[in-house]
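In the working numbering, the protein residues as written are 15 to 187.
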Amino acid sequence: MRVGIGHDTHRLGAGGPLRLGGIDIPHDKHLLGHSDADVLLHAVIDALLGAAALGDVGQMFPDTEPVNCGRDSGEMLQAARDAVAAIGWRIVNIDCIVHAQRPRLLPHRQTMRLRIATLLGIDPECVGLKGKTAEGIGAIGQEEAVSAQCVALLAPREDDADNQSTNPYLVEP
Ligand SMILES: [Zn+2]
């Protein structure tokens, strides 16, 4: 088994919607970044790559390359998933925390879990997701930024090439 940890922070700017966890949430602010700035998916990517010792999101998708400008982080997550699988690992589970003062994440949690599970090709029951405010303190509490953390557990793929084609959860979005 291998464990990995990921962390990311992005600044908030005026105007919605808020792209988070692979979905667009109605909100009066959005995250700023070179790609679509999905802070949660970036933390998941780093946890997966970290567990497999494959570097980090910045190495795999350099912000100096125009192709990564405005890039869909869901697509980036799938590339990370494939890179991890290619060297013989399968994802057992992930657990995530989003630190955001607003909006409340609870109403969107299930949709985000399902979206992430679909992107990773794992059971939604294997995607933990929690939201925390910062009690109004600091950059997150003042709604200047949102942070996310993720831990991921990997296990050796039992087999072979058959594994992916028979995985009932592996659905391309
Ligand atoms: Zn990021």
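The beta carbon of each residue, even a glycine, is placed where N, CA and C say it ideally should be.
- The shortest CA-to-CA distance from residue 87 to any of 15, 58 and 42 is the one to 58.
- Taken in chain order, the complete beta strand (DSSP E) segments of 3 or more residues contained in the region 119-155 are 141-146.
- The region 75-85 makes no contact with the region 105-116, as fewer than three CB pairs between them are under 8 Å.
- By the criterion of at least three beta-carbon pairs nearer than 8 Å, the region 135-145 is in contact with the region 118-126.
- Assignment of residue 95 by DSSP, reduced to helix, strand and coil, places it in the helix class.
- Annotated three-state conformation of residue 101 is coil, per DSSP.
- Burial is judged here by how many other beta carbons sit within 10 angstroms of a residue's own beta carbon; residue 43 has at least 16 and is buried.
- 7 Å or more divides the Cβ of residue 166 from the Cβ of residue 54.
- According to the DSSP assignment, residue 163 belongs to the beta strand (DSSP E) that extends over 159-170.
- Take the alpha-carbon of residue 92 and the one of residue 155: they are about 31 Å apart.
- Relative to residue 161, the option among 45, 67 and 102 whose CA is nearest is 45.
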